[in-house]
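Quick mapping for you: the protein sequence lines, in order, are chains B and F. With my numbering as the guide, the letters of the first sequence map in order to residues 1 to 303. With my numbering as the guide, the letters of the second sequence map in order to residues 304 to 606. Using N, Cα and C, we set each Cβ at its ideal position, and we do this for glycine too.
There are 2 protein chains.
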Amino acid sequence: MADGFADRLVRRVQTCGTCACVGIDPDLERLPASLRVGESTDRKTSAGVLEQFSKDVIDAVADRVAVVKLNIAFFEPFRGAGIDAYHESVRHAHDRGLLVIGDIKRSDIGHSSASYAAAHLIGDGPTDDSIPDAVTVNGYLGSDGVAPFVEAANATGRGIFVLVHTSNASAAQLQHLPLGNGNMVVEEVAALVHEWGKSSIGASGFSNIGAVAAPGNLEIARKLRRLMPHGIFLVPGFGAQGRSVEQVAACFDENGKGAIVNASRSVIYAYESSDGGDASWQESVARACDEFVAALASIHENV
Amino acid sequence: MADGFADRLVRRVQTCGTCACVGIDPDLERLPASLRVGESTDRKTSAGVLEQFSKDVIDAVADRVAVVKLNIAFFEPFRGAGIDAYHESVRHAHDRGLLVIGDIKRSDIGHSSASYAAAHLIGDGPTDDSIPDAVTVNGYLGSDGVAPFVEAANATGRGIFVLVHTSNASAAQLQHLPLGNGNMVVEEVAALVHEWGKSSIGASGFSNIGAVAAPGNLEIARKLRRLMPHGIFLVPGFGAQGRSVEQVAACFDENGKGAIVNASRSVIYAYESSDGGDASWQESVARACDEFVAALASIHENV
Numbered sequence: 001m002a003d004g005f006a007d008r009l010v011r012r013v014q015t016c017g018t019c020a021c022v023g024i025d026p027d028l029e030r031l032p033a034s035l036r037v038g039e040s041t042d043r044k045t046s047a048g049v050l051e052q053f054s055k056d057v058i059d060a061v062a063d064r065v066a067v068v069k070l071n072i073a074f075f076e077p078f079r080g081a082g083i084d085a086y087h088e089s090v091r092h093a094h095d096r097g098l099l100v101i102g103d104i105k106r107s108d109i110g111h112s113s114a115s116y117a118a119a120h121l122i123g124d125g126p127t128d129d130s131i132p133d134a135v136t137v138n139g140y141l142g143s144d145g146v147a148p149f150v151e152a153a154n155a156t157g158r159g160i161f162v163l164v165h166t167s168n169a170s171a172a173q174l175q176h177l178p179l180g181n182g183n184m185v186v187e188e189v190a191a192l193v194h195e196w197g198k199s200s201i202g203a204s205g206f207s208n209i210g211a212v213a214a215p216g217n218l219e220i221a222r223k224l225r226r227l228m229p230h231g232i233f234l235v236p237g238f239g240a241q242g243r244s245v246e247q248v249a250a251c252f253d254e255n256g257k258g259a260i261v262n263a264s265r266s267v268i269y270a271y272e273s274s275d276g277g278d279a280s281w282q283e284s285v286a287r288a289c290d291e292f293v294a295a296l297a298s299i300h301e302n303v
Numbered sequence: 304m305a306d307g308f309a310d311r312l313v314r315r316v317q318t319c320g321t322c323a324c325v326g327i328d329p330d331l332e333r334l335p336a337s338l339r340v341g342e343s344t345d346r347k348t349s350a351g352v353l354e355q356f357s358k359d360v361i362d363a364v365a366d367r368v369a370v371v372k373l374n375i376a377f378f379e380p381f382r383g384a385g386i387d388a389y390h391e392s393v394r395h396a397h398d399r400g401l402l403v404i405g406d407i408k409r410s411d412i413g414h415s416s417a418s419y420a421a422a423h424l425i426g427d428g429p430t431d432d433s434i435p436d437a438v439t440v441n442g443y444l445g446s447d448g449v450a451p452f453v454e455a456a457n458a459t460g461r462g463i464f465v466l467v468h469t470s471n472a473s474a475a476q477l478q479h480l481p482l483g484n485g486n487m488v489v490e491e492v493a494a495l496v497h498e499w500g501k502s503s504i505g506a507s508g509f510s511n512i513g514a515v516a517a518p519g520n521l522e523i524a525r526k527l528r529r530l531m532p533h534g535i536f537l538v539p540g541f542g543a544q545g546r547s548v549e550q551v552a553a554c555f556d557e558n559g560k561g562a563i564v565n566a567s568r569s570v571i572y573a574y575e576s577s578d579g580g581d582a583s584w585q586e587s588v589a590r591a592c593d594e595f596v597a598a599l600a601s602i603h604e605n606v
């Protein structure tokens with residue numbers, strides 16, 4: 001584990017000076033005017049435009065953050081062309097020196113799970129630049145479903161983030177169910193993530209097996225932090241989804257480490273609410289990214 | 304809901320006389336000799352071979368069952384070409400008169416979930432033959448994550464199967480967690496599926512919103528059946544994964560309805576253990592399909 005995902009991420013966040021992660025959710029209906037195409041456009045053209053937008057956003061933020069998250073959901077409506085655009089966007093982010101998280105939220109068991117891991121975490125091997133450094137995984141199916149991703153991460157020096165506590169309003173329906181032992185479901189999932197990650201801890205003290213965790217409740221955040229002492233938290237919900245600095249700060253450890261915070265729409269669509277003071281839509285995105293980074297700067301004072 | 308997924312499925316199963324569903328998990332390493340390609344083959348050629356195998360399997364079983372399940376996990380390693388091969392395989396199954404379940408196990412929230420639903424359940428609308436009649440969905444994120452799929456299903460007359468109780472050994476890690484109210488997690492998920500499906504009940508009495516449920520425990524199976532009286536169960540695990548007729552029979556209602564039973568590897572790779580009595584690998588698959596159908600025939604005596 002000399003140079004696994006966790007170590008690389010910790011090092012890059014330190015060098016860059018921010019735990020901010022820009023999420024790229026490219027929505028065809030919200031593209032800047034210069035990239036807009038008609039509704040009847042064929043899938044290949046549409047996918048090409050999504051790829052261009054993603055690359056332009058990457059260029060706008062590449063010198064400002066250490067890591068971006070590409071959401072494959074927005075590429076899939078364009079089928080084969082969309083998937084190829086996703087992988088080319090991953091490659092471009094790597095070309096620009098960024099670490100990349102593939103937000104794929106896959107889940108299955110056994111051979112099926114191994115096939116997803118081969119597709120999204122192995123590719124042509126550790127040097128394949130079109131494969132992200134880490135992917136998100138849904139753990140509802142238990143160890144059988146997650147193990148092939150853990151193995152792929154360990155074999156390639158990449159990582160995964162298992163969904164533990166998501167940022168949406170209805171997350172509590174399942175994730176907060178109170179168990180007979182007094183815990184909530186998320187606590188049991190967190191304990192599993194800790195187990196799954198034990199053999200993937202790098203020199204940084206963090207594991208390549210992390211968690212998607214965005215509790216609005218500070219007490220839950222601290223509990224999850226204690227349950228996954230080696231887990232890096234990918235914290236969504238900042239920005240458009242309204243998580244506060246105090247809420248995300250609770251996801252960090254006592255040294256102000258162990259989490260990255262994602263904002264997507266509030267950064268990449270900043271030009272929609274631009275006051276016209278920017279010369280281009282990419283400048284609006286860059287400025288919103290700077291504001292995002294500045295908003296998180298106070299976290300290191302909060303922890 | 305005059306002609307929604309549930310009604311079409313119930314009608315087709317009745318006409319066909321079997322609740323058997325053949326699962327197509329096309330693994331490049333297990334193809335019949337006539338389709339085998341080298342390891343270094345490019346993705347497009349590999350995807351073409353997977354598509355041919357899937358179509359050949361579909362041809363072998365089309366007159367024997369009402370429904371097939373295509374597992375997208377096995378297409379994804381071939382990126383864009385793989386995804387296009389998946390959709391062409393869906394189209395071919397429709398051309399052969401089959402209903403098709405897309406085993407995609409997707410999950411996300413809000414716009415991301417809507418984008419997955421657009422990609423996999425809407426496509427170019429209700430007449431798009433390259434889109435399956437139903438897809439599998441992971442419900443760990445709660446209503447926010449599932450609602451866009453429910454809306455897409457209702458808008459197109461298609462359906463979804465929400466993962467409730469999977470067939471793998473470690474399913475119990477999360478799914479069987481005992482709650483403070485005496486239930487297990489799966490029971491709460493089942494109650495949610497029942498709620499989500501209430502507005503999608505067709506003339507058959509079944510909802511377009513069903514469940515993936517394969518409890519090995521008969522008592523759990525009966526509980527889930529009671530909690531989802533309108534839900535069609537997609538029951539995996541028969542065949543290679545070893546679920547018995549008695550176990551799957553418990554997933555049906557008192558009229559012997561409300562479930563389809565999937566077998567994948569034991570059917571589509573039957574030629575691997577063929578005694579040589581078949582003239583072609585497709586004949587081995589057809590014979591294994593007949594045996595699968597025959598094995599399930601006794602279910603209607605068991606319920």
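{"Check": "Contact set between the stretch 558–592 of chain F and chain B, restricted to residues whose Cβ is under 7 Å from the partner", "Outcome": "none"}
{"Check": "Chain F contacts made by the stretch 76–101 of chain B, where a contact means CB separation under 7 Å", "Outcome": "Glu-76, Pro-77, Arg-79, Gly-80, Ala-81, Ile-83, Asp-84, His-87"}
{"Check": "Residue range of the unbroken beta strand (DSSP E) whose run includes Phe-263/F", "Outcome": "Because chain F in this structure spans residues 304 to 606, residue 263/F falls outside the shown range and cannot be described."}
{"Check": "Assigned exposure category for Ser-298/B - 16 Cβ within 10 Å defines buried", "Outcome": "exposed"}
{"Check": "Listed by chain order, chain F residues near Ser-107/B by CB distance under 9 Å", "Outcome": "Lys-408, Arg-409, Ser-410, Asn-441, Tyr-443, Leu-466"}
{"Check": "Cutoff 8 Å; reference Asp-278/B; Cβ partners in own chain excluding five residues on either side", "Outcome": "Tyr-271, Ser-284, Arg-287"}
{"Check": "Endpoints, beta strand (DSSP E) assigned at Asn-565/F", "Outcome": "562–566"}
{"Check": "8 Å contact criterion, which Gly-239/B and Val-212/B should meet: CB distance rounded", "Outcome": "Rounded, the Cβ-Cβ distance is 16 Å, inconsistent with contact."}
{"Check": "Beta-carbon proximity of Ile-324/F to Ile-512/F, cut-off 7 Å", "Outcome": "Checking the sequence, you will find Cys at residue 324/F rather than Ile. Contact: no."}
{"Check": "Per-residue contacts from Leu-482/F into chain B (C-beta, under 7 Å)", "Outcome": "Leu-177, Pro-178, Leu-179, Gly-180"}
{"Check": "Residues of its chain near Met-1/B, where Cβ-Cβ distance is below 6 Å and the 5 sequence neighbours each way are ignored", "Outcome": "Confidence is the limiting factor: at Met-1/B the pLDDT is only 40, short of 50, which leaves the residue's position unreliable and the question unanswerable from this model."}
{"Check": "Chain F contact for Gln-173/B (CB, 7 Å cutoff)", "Outcome": "yes"}
{"Check": "Under 9 Å by beta carbon: chain F residues contacting Leu-192/B", "Outcome": "Gln-476, Leu-477"}
{"Check": "Given 8 Å, three or more beta-carbon pairs between the stretch 172–181 of chain B and the stretch 111–120 of chain B", "Outcome": "no"}
{"Check": "The stretch 437–446 of chain F touching the stretch 130–150 of chain B, judged by at least three CB pairs closer than 8 Å", "Outcome": "yes"}
{"Check": "Listed by chain order, chain B residues near Ala-472/F by CB distance under 7 Å", "Outcome": "Asp-144"}
{"Check": "Ala-376/F versus Gly-276/B: straight-line alpha-carbon distance, rounded", "Outcome": "45 Å"}
{"Check": "Whole beta strand (DSSP E) elements within the stretch 140–172 of chain B, 3-residue minimum", "Outcome": "159–165"}
{"Check": "Per-residue DSSP class, three states only, for Ala-582/F", "Outcome": "coil"}
{"Check": "Within 8 Å of chain B by C-beta, residues of the stretch 518–534 of chain F in sequence order", "Outcome": "none"}
{"Check": "Rounded C-alpha distance that separates Arg-43/B from Val-49/B", "Outcome": "10 Å"}
{"Check": "Listed by chain order, chain B residues near Asp-330/F by CB distance under 9 Å", "Outcome": "His-111, Ser-115"}
{"Check": "Residues that DSSP places opposite Pro-335/F in a beta bridge", "Outcome": "BP columns for Pro-335/F are empty, so no partner."}
{"Check": "Reference Arg-461/F, options Ile-425/F, Met-531/F, Thr-348/F, Glu-342/F, closest by Cα", "Outcome": "Ile-425/F"}
{"Check": "Listed by chain order, chain B residues near Thr-469/F by CB distance under 7 Å", "Outcome": "Ile-109, Leu-141"}
{"Check": "For Ala-191/B, the three-state DSSP class (helix, strand or coil)", "Outcome": "helix"}
{"Check": "CB contact check: Phe-377/F to chain B, cutoff 7 Å", "Outcome": "yes"}
{"Check": "Beta-carbon proximity of Phe-555/F to His-533/F, cut-off 7 Å", "Outcome": "no"}
{"Check": "is_contact[Ala-118/B, chain F] using C-beta, thresh 7 Å", "Outcome": "yes"}
{"Check": "Cross-chain neighbours of Val-492/F in chain B, by beta carbon under 8 Å", "Outcome": "Leu-174"}
{"Check": "For Glu-254/B, the nearest candidate out of Ile-24/B, Gly-237/B, Arg-226/B (CA to CA)", "Outcome": "Arg-226/B"}
{"Check": "Reference Glu-76/B; option with closest CA among Ala-190/B, Gly-17/B, Gly-197/B, Leu-28/B", "Outcome": "Leu-28/B"}
{"Check": "Any non-hydrogen atom of the ligand GDP closer than 6 Å to Tyr-269/B Cβ", "Outcome": "For the ligand GDP, the structure offers nothing, since it holds no ligand at all."}
{"Check": "Cβ of Asn-374/F within 7 Å of any chain B Cβ", "Outcome": "yes"}
{"Check": "Buried versus exposed call for Ala-553/F [16 or more other C-beta atoms within 10 Å across all chains shown]", "Outcome": "buried"}
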